[in-house]
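Trainee:
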Amino acid sequence: MEDADLARLCQKGDMGAFEELFNKHQKQVFHISYRMTNNREDASDLTQEIFLRAYQKIGKFDSRSSFSTWLYKLAVNLCIDELRKRKKSANVLPLEEALANADPDTPENLAILNDRERQVWEALDSLKEKERVIIILKDIEGLSYDEIAKVFKCSLGRVKSRIHEARQKLKSVLEKKDELWTDFEGV
Amino acid sequence: MTLKCSYFYKSLSTYLDGELDPQEHERIEKHIAHCSKCRDEVERLKEIMGILKGMPAPELPTQLWELTRRRVETASEKTSREWGFRIPKWSFAPVGVVVFALLVLLVGSQIFYKTEIAPPTVDTFIQEHILSSSDRIMPPDLLSELTVAQTVQVIEDTGSNKNTSELDMLMEVHYGIISENGS
Chain A
75 MEDADLARLC
85 QKGDMGAFEE
95 LFNKHQKQVF
105 HISYRMTNNR
115 EDASDLTQEI
125 FLRAYQKIGK
135 FDSRSSFSTW
145 LYKLAVNLCI
155 DELRKRKKSA
165 NVLPLEEALA
175 NADPDTPENL
185 AILNDRERQV
195 WEALDSLKEK
205 ERVIIILKDI
215 EGLSYDEIAK
225 VFKCSLGRVK
235 SRIHEARQKL
245 KSVLEKKDEL
255 WTDFEGV
Chain B
1076 MTLKCSYFYK
1086 SLSTYLDGEL
1096 DPQEHERIEK
1106 HIAHCSKCRD
1116 EVERLKEIMG
1126 ILKGMPAPEL
1136 PTQLWELTRR
1146 RVETASEKTS
1156 REWGFRIPKW
1166 SFAPVGVVVF
1176 ALLVLLVGSQ
1186 IFYKTEIAPP
1196 TVDTFIQEHI
1206 LSSSDRIMPP
1216 DLLSELTVAQ
1226 TVQVIEDTGS
1236 NKNTSELDML
1246 MEVHYGIISE
1256 NGS
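Taken in sequence, the protein lines are chains A and B.
Numbering follows the numbering used here, in which position 29 of the first sequence is assigned residue number 103; successive positions increment by one, without gaps.
Numbering follows the numbering used here, in which position 183 of the second sequence is assigned residue number 1258; successive positions increment by one, without gaps.
#1: Of all the CB atoms in chain B, is at least one closer than 9 Å to the CB of residue 195 of chain A?
#2: What are the residues of the stretch 1093-1107 of chain B that lie near chain A, defined by any Cβ-Cβ distance shorter than 7 Å?
#3: Grab me the residues of residue 133 of chain A's own chain with a C-beta within less than 7 Å of its C-beta, minus the 5 sequence neighbours each way, in chain order.
#4: Hey, how far is the Cα of residue 129 of chain A from the Cα of residue 1139 of chain B?
#5: Could you check how far apart the C-beta atoms of residue 1079 of chain B and residue 1106 of chain B are, in whole angstroms? I think they sit under 8 Å.
#6: Out of A:110, A:242, A:241 and A:123, state which residue places its alpha-carbon closest to the alpha-carbon of residue 1149 of chain B.
#7: Over the uninterrupted alpha helix (DSSP H) stretch that includes residue 1028 of chain B, give me the two end residues.
#8: Cβ of residue 160 of chain A within 9 Å of Cβ of residue 1136 of chain B?
#9: Along chain B, which residues have their Cβ under 9 Å away from the Cβ of residue 99 of chain A?
#10: From which residue to which residue does the alpha helix (DSSP H) around residue 206 of chain A run?
#11: Measure from the C-beta of residue 83 of chain A to each C-beta in chain B and report whether the shortest distance is under 9 Å.
#12: Should residue 108 of chain A go down as buried or exposed, given a rule of 16 or more other Cβ atoms within 10 Å for buried?
#13: Less than 8 Å between the CB atoms is what I'm expecting for residue 120 of chain A and residue 93 of chain A, so what's the real figure, rounded?
#14: Tell me whether the stretch 1107-1127 of chain B and the stretch 93-103 of chain A touch, counting them as touching only if at least three CB pairs, one residue from each stretch, are closer than 8 Å.
#15: If contact means a Cβ-Cβ distance below 8 Å, which residues of the stretch 111-127 of chain A contact chain B?
#16: Can you list, in chain order, the residues of its chain with a C-beta nearer than 7 Å to that of residue 152 of chain A? Leave out the 5 residues immediately preceding and following it.
#17: For the alpha helix (DSSP H) that residue 89 of chain A lies in, which residues bound it at each end?
#18: On the three-state DSSP scale, how would you describe residue 1129 of chain B?
#19: Alpha carbon to alpha carbon, how far is residue 1131 of chain B from residue 1084 of chain B? Give it in angstroms, no decimals.
#20: Please report whether the beta-carbon of residue 178 of chain A lies at a distance below 9 Å from any beta-carbon of chain B.
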C-alpha cells in the first residue's frame, strides 16, 4: 500500500497502518538520528519520539504531499532541537567518549578504524547542526535536491548553495586537522 | 585561483551531484580538464563524499517498534485519562479554532454594546434643554435623580432661568403641564 493511503488510514486511527509506515521508514529515521547524535541509545529514543510526534500530528499531514519528506522534516527538527538542548545544558557527549562507549563489534565502530573515515566523522561532528544535517541528508542518506528543498521548505537554488557551503566547511575543517587533506593529489 | 576558477568554484558541488543543466555541466568538464587546481578540488570533494556515502549504516535496535508502540499508547492513555475518552491529539485543533472564534465574538460584542451610547430619554432631553437655556450648572448625577418638574423648580427657585417661555412650551408639549406664567 502507498504511503498516502496508509497515512489516510492512520488519520482514522488505524494502528496497523501506522505500524506499516513505521516499518517502511524506521531505518532512515534511525540513521538520521544516529548521525546527528553519535549515540545509539539517543538515536533509538529520538526515533521513538519522532514517530510519536508523527502519530500525534498525522491529522495535519496532507496526503497529496510526500509522507517521507514530511516525516524527515519532523525528524530533522527534533534532532536539531535535541542537539541545541544538549548544548545549552552542556550535556554534549564528545565524539571520543561516544566512540569509547560504543559497542566494538558494531560496523560503525569498525569503520572508524580507517583514519580518513575517522577524520571525516569528527569533522562532520564539529559542524553546526544545520550544516551537519544537510550533509547527512544529501551525502549519507542520499536525498535528492528536490526532497531536501521540501524538508527545509526552501528553493532549489538555496539547497544548492547550502550543500556547497556545508561541504566547503567540512573540507576546511579537514584541511585544518591534517595536512593529508591539503596535499591532496587525487585518488 | 583565477577569475574563471572562482566562477566555476560555487558550481563544483552541484556538478558532482549531477544537478547542473547539460550546457553548464559541459563547461565545467572542459574547465577542469585544463585546470589542475579545480581538478584537485573536485577530487577532494569526491573523496569526502565517497567516505560519507560509504559510512556503514548503524544496525537498528531490537524492539524499536515495540518501544514506539508503547510510547504512543502511553501518550494516548494519558490523553484519555485527562479527557475521559480517547481523542487523537491533532483533533483538538479545530475545537480550539471554534472556541477561539466564540471568544472573539463574545468579547467583540461586549465592547460593541459598551461603546454604543444609549439614546437620551425625553426627560433627559428636556432637562438638558432647560439647563442649556439657563446659566445654572448642575452635576450630571444630581440631574439624573431629579424629574423635569424638580429641575424646573430648582432653576426657578434660584431665579436663574433666562427663557421661561420656551420652558413652558416644552413642558406643555411633553407633559401637559402649564405653568403659572403661561396660563
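For every residue, glycine included, the Cβ atom is placed at its ideal position computed from N, Cα and C.
Mentor: To lay it out plainly:
#1: Along the first sequence, one-based indexing puts residue 195 of chain A at 121. Answer yes: the Cβ-Cβ gap between residue 195 of chain A and chain B drops below 9 Å somewhere.
#2: Listed by position along the chain: 1094.
#3: On the first sequence, residue 133 of chain A is found 59 positions in, with the first residue counted as 1. Non-local C-beta neighbours of residue 133 of chain A in its own chain, meaning closer than 7 Å and more than five positions away in sequence, comprise 85, ordered along the chain.
#4: Along the first sequence, one-based indexing puts residue 129 of chain A at 55. Along the second sequence, one-based indexing puts residue 1139 of chain B at 64. Inter-residue distance for residue 129 of chain A and residue 1139 of chain B is about 15 Å (C-alpha atoms, whole angstroms).
#5: Position 4 of the second sequence, counting from 1, holds the residue named residue 1079 of chain B. Position 31 of the second sequence, counting from 1, holds the residue named residue 1106 of chain B. The Cβ separation is near 7 Å, so the contact holds.
#6: For the purposes of this step, residue 1149 of chain B is taken as the residue at position 74 of the second sequence. From the listed residues A:110, A:242, A:241 and A:123, the smallest Cα separation to residue 1149 of chain B is found for A:123.
#7: Residue 1028 of chain B lies beyond the residue range present for chain B, which begins at 1076 and ends at 1258; the question has no answer from this structure.
#8: For the purposes of this step, residue 160 of chain A is taken as residue 86 along the first sequence, with counting starting at 1. For the purposes of this step, residue 1136 of chain B is taken as residue 61 along the second sequence, with counting starting at 1. Judged by beta-carbon spacing, residue 1136 of chain B lies beyond the 9 Å limit of residue 160 of chain A, meaning their Cβ atoms are not closer than that value.
#9: Within the first sequence, the letter at position 25 stands for residue 99 of chain A. At a C-beta separation below 9 Å, residue 99 of chain A has no neighbours in chain B, since its nearest C-beta there lies roughly 11 Å away.
#10: Sequence index remark: in the first sequence, residue 206 of chain A carries index 132 (1-based). That run of the alpha helix (DSSP H) goes 203-209.
#11: If you number the first sequence from 1, residue 83 of chain A lands on position 9. The beta carbon of residue 83 of chain A sits no closer than 9 Å to any beta carbon of chain B.
#12: For this step, residue 108 of chain A is matched to residue 34 along the first sequence. Within a 10 Å sphere around the beta-carbon of residue 108 of chain A sit 16 or more other beta-carbons, which makes this residue buried.
#13: The sequence position of residue 120 of chain A within the first sequence is 46, counting from 1. The sequence position of residue 93 of chain A within the first sequence is 19, counting from 1. About 19 Å; that fails the 8 Å criterion.
#14: Because the criterion of three Cβ pairs below 8 Å is not met, the stretch 1107-1127 of chain B and the stretch 93-103 of chain A do not touch.
#15: For the stretch 111-127 of chain A, the set of residues with a beta-carbon nearer than 8 Å to any beta-carbon of chain B comprises 114, 117, 118, 121, 122, 123, 125 and 126, in chain order.
#16: Start at 1 with the first residue of the first sequence, and residue 152 of chain A comes out as number 78. Within the same chain, Cβ atoms closer than 7 Å to the Cβ of residue 152 of chain A are found at 120, 123, 124 and 127, the five residues on either side in sequence being excluded.
#17: Position 15 of the first sequence, counted from the start, is the residue given in the question as residue 89 of chain A. Residue 89 of chain A -> alpha helix (DSSP H) spans 89-111.
#18: Numbered from 1 along the second sequence, position 54 holds the residue referred to as residue 1129 of chain B. For residue 1129 of chain B, the three-state secondary structure derived from DSSP is helix.
#19: In the second sequence, the residue the question calls residue 1084 of chain B occupies position 9. In the second sequence, the residue the question calls residue 1131 of chain B occupies position 56. About 30 Å.
#20: For this step, residue 178 of chain A is matched to residue 104 along the first sequence. Legend: pLDDT at residue 178 of chain A = 48, less than 50; position of this residue unreliable, value from coordinates given subsequently. Closer than 9 Å: no.
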